[in-house]
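Residue numbers (my numbering): 4 to 150.
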């Protein structure tokens, strides 16, 4: 069963500042309540993370993933193959400048669950993921001193 979720948020920062926060993988557990650990396994030639080992915990369920990241000037995507809890995962950020120092951030995620999950739990988990992916990201970007 595929679970899809998306949300947009406006951040008072340029796309580069947002991508810098997303690329700081080791710091993600400090601002994401879902991430218990994150470790860069290797990097792209430009220094941005390529493969990342992450441990996430959501609603009492822990999952370990190997994520493959790809980066553009105004986007970032990651994919993960099958894990203990899921059959696949795709997440992406698309950044659209709106003025000099303001960016519209769109986050999309598609998760292929490994087993059936009651709808009310899926709904609650989606909200938690979207809150971290947008609101917590915005808070982190602002804490890093963006204009």
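Just so it is clear, CB atoms sit at the ideal spot from N, CA and C, and this is done for glycine as well.
Would you identify the three-state DSSP class for residue i, choosing helix, strand or coil?
i	result
residue 111	strand
residue 51	coil
residue 1	Since the first residue shown for the chain is 4 and the last is 150, residue 1 is missing from the structure and cannot be characterised.
residue 45	strand
residue 17	coil
residue 36	coil
residue 105	coil
residue 65	strand
residue 145	helix
Sorted by chain position, which residues of the same chain lie with C-beta nearer than 6 Å to residue i's C-beta, five sequence neighbours on each side aside?
i	result
residue 22	none
residue 73	80
Can you tell which of the options has its C-alpha closest to the C-alpha of residue i?
i	options	result
residue 96	124, 135, 102	135
residue 115	89, 49, 45, 99	89
residue 137	117, 107, 126, 122	107
Less than 8 Å between the CB atoms is what I'm expecting for residue i and residue j, so what's the real figure, rounded?
i	j	result
residue 61	residue 93	About 17 Å; that fails the 8 Å criterion.
residue 24	residue 144	5 Å
residue 110	residue 10	6 Å
residue 77	residue 98	4 Å
Could you pull out every residue in the same chain whose Cβ sits closer than 7 Å to the Cβ of residue i, ignoring the five residues on either side in sequence?
i	result
residue 124	62
residue 146	none
residue 40	32, 57, 58
residue 86	66, 67, 68
residue 119	4
In this structure, what does DSSP give as the bridge partners for residue i?
i	result
residue 122	In the DSSP output, where bridge partners are listed per residue, residue 122 has none listed.
residue 80	73, 95
residue 7	113
residue 194	Limits of the chain in this structure are 4 at one end and 150 at the other, which puts residue 194 out of reach.
residue 132	Per DSSP, none; premise fails for residue 132.
Leaving aside the five residues before and after residue i along the sequence, list all residues of the same chain whose C-beta is less than 8 Å from its C-beta, in chain order.
i	result
residue 142	34
For residue i and chain D, any beta-carbon pair shorter than 7 Å?
i	result
residue 57	Protein chain content of the structure displayed is limited to a single chain, and chain D is not contained in it.
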